[in-house]
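A.B. asks: My questions all concern the structure below.
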Amino acid sequence: MMKKVFGRPRSMKGNIFHYCAGCGHSIAHRLIAEVIDELDIRGITIGVPPAGCAVLAYNYFDVDMIEAQHGRGPAMATGIKRVLPDRVVFSYQGDGDLAAIGIAESFHAANRGENITVIFINNAVYGMTGGQMAPTSILGQKTTTSPAGRQNVLDGYPIKVCEVFSLLPGTAYIERCTVNSPASILKTRKAIRKAFQYQIDGLGFSLVEILSPCPTNWKMTPIDSCRWIDEVMSKEFPLGVMKDVPAEVSDERKKGDKSHDG
Amino acid sequence: MQGNKIIGEAAIRAGCLFYAGYPITPQNEIPEYMSERLRQVKGGVFIQSESEIAAIHMVAGASAAGARSMTSSSSPGISLKQEGISSLAACELPAVIVNMMRGGPGLGNISPAQGDYFQATRGGGHGDYRVIVLGPDSAQELADLTMDAFDLADEYRTPVMILADGMMGQMMEPVIFKEPKPRVYPESFIMKGAGSGKSKIIRGLILDPLEMEEHNWKLDRKYKVIAQKETRHELYKTDDAELILVAYGTGARIAKGAIKRLREAGLRVGLFRPISLWPFPTNELRDLAKRIENFLVFEMSTGQMVEDVRLALQGRARIGFHGRPGGVVPTPVELANVVMRQYDRKEGIIDPIT
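Protein sequences, first through last, are from chains F and B. To convert, note that position 92 of the first sequence is 92 in this note's numbering; the numbers rise steadily by one, no gaps. Just remember that this note's numbering sits 1000 ahead of the position in the second sequence, which is counted from 1.
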């Protein structure tokens, strides 16, 4: 008898992705949908897609979705979550959306410790509008609005969202991942799952940053793009768990138990 | 009770469960009042947002999630909210927005003014849309219209604006709160997770121009129904009038004071007061022009509503204008003198445009 070993997640519609070849969005979408299935929360999940390449995310996710204006996802998610605290609410945001036009909404939702999950796709470039400089573009990175390469004196520095947000006492869990290899994809999946689980457990604001390839606007092949993430991007934006308050608390507890035992 | 607090109390009684806002004078008593009252209401949520923009988008989220939602601000803050108001209109989400107007443009000042009429009645943000705009002129109307605003927002799934000014917000008058109507809003519009059923999408982005055009016409059809059914106005001493003052909100209160004095002097002057500023009570005003040919529009602006009066009367009458912009609140005596100068000089009351 044949056994089905791979299929479309239930939380995903059958539509074909409009994303470019080698783009990280489709992988991130799938991982989120898999996690929603795994946690069996499709019926209580509400997603907030951004303006940008992922604006059409609602064509792919088979969960309730309400589009936000550019950068306003976390404000909208705040409104939804406060009215429906038992639902799982996530916003999906790009680097321009989160770190430029919506930095206030994102920063303050994090600071309030809103019990929501933010999936942050960082591809160091504005994708949909055609490859302009992003707040996370690397110094020296050539874009259509930084033709000579990003220069700190003119354009400032790439914003390290995870590091900055980790400083906010309101945040519970922050991790930076990537999707440029099978191993990193599995790791990202785990991070997304943890972020959603923490929200379900009512533990507070969680954010997963995903360094995501954009071959079209980086003007690289998909393979070179994956390599660029390893060799350049992740040097600027180091991967790893930046903050995991629930885990730290439980570690403390374990330590406390031990010392008590001792 | 103070005007701003009346709005807050009326909202609570109308079943408002969500308020987000950012402090700005002269309406700070609204968020203050809501922060206290929403704590006492089951399921009530108050958020002091980081910005006007965040507030309106929080309201959009809360509205989509099924809560009667409100935000309030004053002129510069309302400018910031326009992105969200346009989006609420596009996504057909109900919400109540209060604008306690102050002097402008720019930061202007914090005195009562009526310079946001164009912004409010023409949509205010980008795109083809309208917002229902109600202009109260008393404490009682602040209460009544705020409650009605929630019903209208639900009925037409559209943002509704209360357009008043710092004077309305700060003044104290007795008020009787009416019984709220039970909320009529279909469950199917509420986004609360797909359950075991089909997932829902709320969006304003429609990339196909033909589809977007149809959405625009659909909204337009709705606005036409509103324009037909939801105009409100007050006629004050118009029966024997030879000259009609047209004014709204605080301007109308001043006009009534002026009319009292003018009548004592034997001048037959009446008032047409639009209560719904959009839709503008065009036909009702036009009816007056069948027998009266002198109109004088008074606004605390350089002249905005006067354009709607011109559009309504279409050359059927002479239209004069008196304006005091920038936060100046003239006395009834000043307005009475303006009317007196023009009352007999029928030739003199000429619309400067025509």
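Glycine residues also receive a C-beta, built at the ideal position from the N, C-alpha and C atoms.
With ASP64/F as the anchor, note down where its beta strand (DSSP E) starts and where it stops.
C.D. replies: Position 64 of the first sequence, counting from 1, holds the residue named residue 64/F. Note, ASP64/F: beta strand (DSSP E), 64-66.
A.B. asks: Can you tell me which of the three DSSP states PRO1105/B falls into?
C.D. replies: For the purposes of this step, residue 1105/B is taken as the residue at position 105 of the second sequence. DSSP places PRO1105/B in coil when its eight states are reduced to three.
A.B. asks: Compare the C-beta of HIS1126/B with all C-beta atoms of chain F and state if any pair is closer than 8 Å.
C.D. replies: As a working note, residue 1126/B is residue 126 in the second sequence. Judged by the 8 Å Cβ criterion, HIS1126/B is not in contact with chain F.
A.B. asks: Within this structure, are the beta carbons of MET1305/B and VAL1329/B separated by less than 8 Å?
C.D. replies: Taking the second sequence and counting its residues from 1, the one referred to as residue 1305/B is at position 305. Taking the second sequence and counting its residues from 1, the one referred to as residue 1329/B is at position 329. Contact flag unset, no.
A.B. asks: Can you tell me which residues form a DSSP beta bridge with ILE1244/B?
C.D. replies: For the purposes of this step, residue 1244/B is identified with residue 244 of the second sequence, where counting begins at 1. Answer is GLY1270/B, PHE1295/B, bridged to ILE1244/B.
A.B. asks: Using three-state DSSP, classify THR1025/B as helix, strand or coil.
C.D. replies: What you label residue 1025/B is simply residue 25 of the second sequence in a count that begins at 1. Of the three classes helix, strand and coil, the one that applies to THR1025/B here is coil, per DSSP.
A.B. asks: Quick check on the DSSP output: the beta strand (DSSP E) that includes CYS177/F runs from which residue to which?
C.D. replies: Looking up residue 177/F in the first sequence gives position 177. That run of the beta strand (DSSP E) goes 171-178.
A.B. asks: Output needed for ILE1350/B: all residues of its chain with C-beta closer than 6 Å, excluding positions within five of it in sequence on either side, in chain order.
C.D. replies: As a first step, residue 1350/B must be located in the second sequence, where it is residue number 350. Bear in mind that a pLDDT of 46 at ILE1350/B, under 50, signals an unreliable position, so the model cannot answer this.
A.B. asks: Where does the unbroken alpha helix (DSSP H) through PHE165/F begin, and where does it stop?
C.D. replies: Counting from 1 along the first sequence, the entry for residue 165/F is found at position 165. Segment 161-166, the alpha helix (DSSP H) holding PHE165/F.
A.B. asks: Return the residues of the stretch 1189-1221 of chain B that lie within a Cβ-Cβ distance of less than 7 Å from chain F, sorted by chain order.
C.D. replies: Here the close residues are MET1191, LYS1192, GLY1193, ALA1194, GLY1195, SER1196, SER1199, LYS1200, ILE1201, ILE1202, ARG1203, GLY1204, LEU1205.
A.B. asks: Going along the chain, which residues of its own chain have a beta-carbon closer than 6 Å to the beta-carbon of TRP1278/B, five neighbours each way excluded?
C.D. replies: Reading the second sequence from its first residue, position 278 is the one you call residue 1278/B. These residues qualify, in order along the chain: THR1121, ARG1130, VAL1133.
A.B. asks: Shorter than 8 Å from the beta carbon of THR129/F to some beta carbon of chain B?
C.D. replies: Here residue 129/F corresponds to residue number 129 of the first sequence, with the count starting at 1. By this cut-off, THR129/F is not an interface position.
A.B. asks: Suppose contacts are defined by Cβ-Cβ distances below 8 Å. Is ASN165/F in contact with LEU203/F by that definition?
C.D. replies: Translated into the one-based positions of the first sequence, residue 165/F becomes position 165. Translated into the one-based positions of the first sequence, residue 203/F becomes position 203. The amino acid occupying residue 165/F in the given sequence is Phe; Asn does not appear at that position. No, the pair does not count as a contact, with Cβ atoms beyond the cut-off.
A.B. asks: Compare the C-alpha of GLY1021/B against each of ILE1012/B, SER1035/B, ALA1014/B and name the closest.
C.D. replies: Within the second sequence, the letter at position 21 stands for residue 1021/B. It is SER1035/B whose Cα lies nearest to the Cα of GLY1021/B.
A.B. asks: Could you tell me which of ASP230/F, CYS214/F, PRO246/F sits nearest to ALA21/F, measuring between CA atoms?
C.D. replies: One-based indexing of the first sequence puts residue 21/F at position 21. Nearest of ASP230/F, CYS214/F, PRO246/F to ALA21/F, Cα basis: CYS214/F.
A.B. asks: Against chain B, does ILE66/F count as a neighbour if the rule is that its beta carbon must be under 8 Å from one of theirs?
C.D. replies: Within the first sequence, residue 66/F is the residue found at index 66, counting from 1. Chain B, which has a Cβ nearer than 8 Å to the Cβ of ILE66/F, makes this yes.
A.B. asks: At the 8 Å Cβ level, is GLY1066/B part of the contact set with chain F, yes or no?
C.D. replies: As a first step, residue 1066/B is located in the second sequence; it is residue number 66 there, counting from the start. Closer than 8 Å: yes.
A.B. asks: Please classify ASN1099/B as buried or exposed, where buried requires at least 16 other C-beta atoms within 10 Å of its C-beta.
C.D. replies: In the second sequence, counting from the first residue as 1, residue 1099/B sits at position 99. Answer is buried; the Cβ neighbour count reaches 16.
A.B. asks: Quick one: residues in its chain with C-beta nearer than 7 Å to the C-beta of ILE1202/B, no 5 flanking neighbours on either side, listed in chain order?
C.D. replies: Taking the second sequence and counting its residues from 1, one reaches residue 1202/B at position 202. The residues are ALA1064, CYS1091, MET1191.
A.B. asks: Answer yes or no: does any C-beta atom of chain F fall closer than 8 Å to that of ALA1014/B?
C.D. replies: Here residue 1014/B is taken as the residue at index 14 of the second sequence, counted from 1. No, its Cβ sits nowhere closer than 8 Å to a Cβ of chain F.
A.B. asks: If contact means a Cβ-Cβ distance below 8 Å, which residues of the stretch 1084-1111 of chain B contact chain F?
C.D. replies: Against chain F - using a Cβ distance shorter than 8 Å - the residues of the stretch 1084-1111 of chain B are GLY1084, SER1087, CYS1091.
A.B. asks: For the pair the stretch 151-165 of chain F and the stretch 48-64 of chain F, tell me if three or more CB-CB distances fall below 8 Å.
C.D. replies: Because the criterion of three Cβ pairs below 8 Å is not met, the stretch 151-165 of chain F and the stretch 48-64 of chain F do not touch.
A.B. asks: For THR178/F, return the contacting residues in chain B, with the cut-off set at a CB-CB distance below 7 Å.
C.D. replies: In the first sequence, counting from the first residue as 1, residue 178/F sits at position 178. In chain order: nothing, as chain B lies at least about 28 Å away.
A.B. asks: Grab me the residues of TYR1223/B's own chain with a C-beta within less than 7 Å of its C-beta, minus the 5 sequence neighbours each way, in chain order.
C.D. replies: Locating residue 1223/B in the second sequence gives position 223, counting from the first residue. Excluding residues within five positions, the ones whose Cβ falls inside 7 Å are ARG1130.
A.B. asks: Can you pull the chain B neighbours of GLN151/F, defined as C-beta to C-beta under 8 Å?
C.D. replies: To locate residue 151/F, count along the first sequence from 1; it is residue 151. By Cβ distance, chain B contributes nothing, its closest Cβ being about 30 Å from GLN151/F, past 8 Å.
A.B. asks: Using 10 angstroms around the beta-carbon of GLU1052/B, count the other beta-carbons present and answer buried if the total reaches 16, otherwise exposed.
C.D. replies: Residue 1052/B sits at position 52 when you count from the first residue of the second sequence. Counting Cβ neighbours within 10 Å, GLU1052/B comes out buried, since at least 16 surround it.
A.B. asks: List in chain order: all unbroken beta strand (DSSP E) runs of 3+ residues lying wholly within the stretch 48-92 of chain F.
C.D. replies: Here the runs fully enclosed are 64-66.
A.B. asks: TYR1019/B by DSSP, collapsed to three states: which one?
C.D. replies: In the second sequence, the residue the question calls residue 1019/B occupies position 19. Strand.
A.B. asks: Counting contacts by CB-CB distance shorter than 8 Å, is GLN69/F in contact with chain B?
C.D. replies: Here residue 69/F is taken as the residue at index 69 of the first sequence, counted from 1. Yes, contact with chain B.
A.B. asks: Taking DSSP's pairing of strands, which residues face LYS243/F in a bridge?
C.D. replies: Within the first sequence, residue 243/F is the residue found at index 243, counting from 1. Answer is ILE174/F.
A.B. asks: Could you give the DSSP three-state label for LEU267/F: helix, strand or coil?
C.D. replies: Any answer about residue 267/F is impossible in this case: the structure gives chain F only from 1 up to 262.
A.B. asks: Quick check on the burial criterion: 16 or more other C-beta atoms within 10 angstroms. Buried or exposed for HIS1057/B?
C.D. replies: For the purposes of this step, residue 1057/B is taken as residue 57 along the second sequence, with counting starting at 1. Buried is the call here.
A.B. asks: Is VAL1045/B close to chain F? Criterion is C-beta to C-beta, closer than 8 Å.
C.D. replies: Here residue 1045/B refers to the residue found at position 45 when the second sequence is read from its first residue. For VAL1045/B, the answer is yes, since a Cβ of chain F falls inside 8 Å of its Cβ.
A.B. asks: Nearest-angstrom Cα distance between TYR1343/B and LEU1267/B?
C.D. replies: Your numbering for residue 1343/B matches position 343 in the second sequence. Your numbering for residue 1267/B matches position 267 in the second sequence. The alpha-carbon atoms of TYR1343/B and LEU1267/B are separated by roughly 8 Å.
A.B. asks: Under three-state DSSP, which class holds ALA1095/B?
C.D. replies: In the second sequence, residue 1095/B corresponds to position 95, counting from 1. Looking at ALA1095/B - three-state DSSP - the assignment turns out to be strand.
A.B. asks: Flag GLY264/F as yes if its beta-carbon sits less than 8 Å from any beta-carbon of chain B, otherwise no.
C.D. replies: Summary: the structure shown does not reach residue 264/F, with chain F confined to residues 1 through 262, and so no result is reported for it.
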